[in-house]
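For reference, the structure is listed below as structure tokens.
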């Protein structure tokens with residue numbers, strides 16, 4: 001069980017990109033963003049799944065998505081917006097920084 005939890009926690013990382021990224025940006029703001037995403041979407045596996053589907057919507061060469069896939073992609077978009085609202089107050093300069101979710105290699 002411990003290995004399963006450990007691997008699930010590393011399905012993605014949240015980074016802060018922008019000018020003069022500080023320890024607070026990484027340790028507090030990015031952590032808050034991640035926690036809020038998981039609060040809204042579920043497990044790290046579910047967060048990664050929803051994110052992948054949202055990214056798929058952006059690509060024109062992908063086959064059509066099911067209604068359930070679109071629902072999950074929309075859930076990502078909404079969760080991202082809410083997580084941004086909660087976590088951006090902890091960024092040292094929210095006008096010059098953003099959160100970037102990076103998926104682990106498949």
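Residue numbers (full-length UniProt numbering): 1 to 106.
Think of the CB as a built atom: it goes at the ideal place given N, C-alpha and C, for glycine as much as any other residue.
Residue 24 and residue 92 do touch by the CB rule: their CB atoms are close to 6 Å apart, below 8 Å. In the DSSP assignment, the residues bridged to residue 98 are 17. With a beta-carbon spacing of about 4 Å, residue 83 and residue 36 fall inside the 8 Å limit used to define contacts.
DSSP, read as helix, strand or coil, puts residue 41 in helix. Residue 41 and residue 103 do not touch by the CB rule: their CB atoms are close to 14 Å apart, not below 8 Å.
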